[in-house]
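Report on one structure; see the data block that follows.
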Amino acid sequence: MPVLVSVALIVWFDRRVWAFVQKRRGPNVVGPFGLFQTLADALKYIFKEIIIPASANKTIFVLAPIITLTLALIGWAVIPFSNEMVLSNINVGILYLFAISSLGVYGIIMGGWASNSKYPF
74 MPVLVSVALI
84 VWFDRRVWAF
94 VQKRRGPNVV
104 GPFGLFQTLA
114 DALKYIFKEI
124 IIPASANKTI
134 FVLAPIITLT
144 LALIGWAVIP
154 FSNEMVLSNI
164 NVGILYLFAI
174 SSLGVYGIIM
184 GGWASNSKYP
194 F
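Residue numbers for the sequence shown follow my numbering, beginning at 74 and rising by one.
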């Protein structure tokens, strides 16, 4: 729970800084000083309607972002955070990282292809 609160406060502070840089008022819509704006944005995202084109291949269209996210998260397996904190200590870690990161583009291509439209390409 403290991590979620910290992330929410960091996002709030980031929005306040960008508002100052752009000479406008920051997030002040939800709660005092806009403190609950991040929570409101999260709820908006959770209840957002999923839009799938009628002509799309629905299975591949839904699987494409899942594949891209999975490959992005799998890449973190070989990145050491400290001497003792590493998920997988393999001697070809950089090669593994390059291979996994190069596969991530296929999820994007699958999503464009599955939409059955000429505009994604």
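Beta carbons are placed, not taken as given, at the ideal position from N, Cα and C, and that holds for glycine.
{"Item": "C-alpha distance - I173 paired with M183, whole-angstrom precision", "Value": "16 Å"}
{"Item": "Inter-residue spacing [alpha-carbon to alpha-carbon] between V80 and V151", "Value": "25 Å"}
{"Item": "Distance, L176 Cα to A127 Cα", "Value": "28 Å"}
{"Item": "First through last residue of the alpha helix (DSSP H) which encompasses P75", "Value": "75-94"}
{"Item": "Contiguous alpha helix (DSSP H) assignments of at least 4 residues, all confined to the stretch 101-138", "Value": "110-119"}
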